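Residues 8 to 108 (this note's numbering) are what the sequence shown spells out, left to right. Yeah, the Cβ is synthetic: ideal placement off N, Cα and C, and Gly gets one too. No experiment lies behind these values; they were computed from the predicted model shown. What follows is one structure encoded as structure tokens, with my remarks underneath.
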Amino acid sequence: MQTKKFQRKIEDFVCENCGQKIEGSGYTDHCPNCLYSKHVDINPGDRLCPCQGLMEPMCVQLKHGEKIIFYRCQKCGHEHQVKSLPQDNQKELIKLSANPV
Numbered sequence: 008m009q010t011k012k013f014q015r016k017i018e019d020f021v022c023e024n025c026g027q028k029i030e031g032s033g034y035t036d037h038c039p040n041c042l043y044s045k046h047v048d049i050n051p052g053d054r055l056c057p058c059q060g061l062m063e064p065m066c067v068q069l070k071h072g073e074k075i076i077f078y079r080c081q082k083c084g085h086e087h088q089v090k091s092l093p094q095d096n097q098k099e100l101i102k103l104s105a106n107p108v
């Protein structure tokens, strides 16, 4: 049986990196304050990944006019990328944009 590639989950959470309380929209996959994420999914929204490590934002790249945040899991090394959101901390995005991809 094949699982869906994306499952929308509306969940609030507290960022494990900076402690910010986040109201989820169903598309929220990282903290808009510090940009950290958590390695919880195999496919977006499935919450099936046993790792549960913090995903550190490594850099930002502009692709097709959108800011893409590149992540690496601090626990297992898994790498992932997502689009930034309008509510993301612009100062943090600018700092990350100085890092090489």
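inquiry  = Can you give me the C-alpha to C-alpha distance between Cys-41 and Glu-18, rounded to a whole angstrom?
reply    = To locate residue 41, count along the sequence shown from 1; it is residue 34. To locate residue 18, count along the sequence shown from 1; it is residue 11. Cα-Cα distance, rounded: 18 angstroms.
key: Cα-Cα separation between Gln-88 and Lys-102, rounded to whole angstroms   = Numbered from its first residue, the sequence shown carries residue 88 at position 81. Numbered from its first residue, the sequence shown carries residue 102 at position 95. Answer to the nearest angstrom: the Cα atoms are 17 angstroms apart.
query = So, helix, strand or coil for Ser-91, using DSSP?
reply = Residue mapping note: residue 91 aligns to position 84 of the sequence shown, counting from 1. Correct three-state label for Ser-91: coil.
task = Compute the beta-carbon to beta-carbon distance between Cys-66 and Asn-106, rounded to the nearest angstrom, for a pair I have assumed lies under 8 angstroms.
result = Stepping through the sequence shown from its first residue, residue 66 is reached at position 59. Stepping through the sequence shown from its first residue, residue 106 is reached at position 99. Indeed, because the Cβ distance is near 4 angstroms, the residues count as touching under 8 angstroms.
message = Please report the distance separating the alpha-carbon of Cys-25 from that of Tyr-78.
response = In the sequence shown, the residue the question calls residue 25 occupies position 18. In the sequence shown, the residue the question calls residue 78 occupies position 71. Answer to the nearest angstrom: the Cα atoms are 16 angstroms apart.
key: Gln-68, enclosing beta strand (DSSP E) - first and last residue   = One-based indexing of the sequence shown puts residue 68 at position 61. Unbroken beta strand (DSSP E) run through Gln-68: 61 to 70.
key: Residues of its chain near Arg-54, where Cβ-Cβ distance is below 8 angstroms and the 5 sequence neighbours each way are ignored   = The sequence position of residue 54 within the sequence shown is 47, counting from 1. Hits under 8 angstroms: Lys-16, Val-47 and Asp-48.
Reference Gly-52, options Gln-59, Cys-38, Pro-39 and Tyr-34, closest by Cα = On the sequence shown, position 45 is the one that residue 52 refers to. Comparing Cα-Cα distances from Gly-52 to each of Gln-59, Cys-38, Pro-39 and Tyr-34, the minimum goes to Tyr-34.
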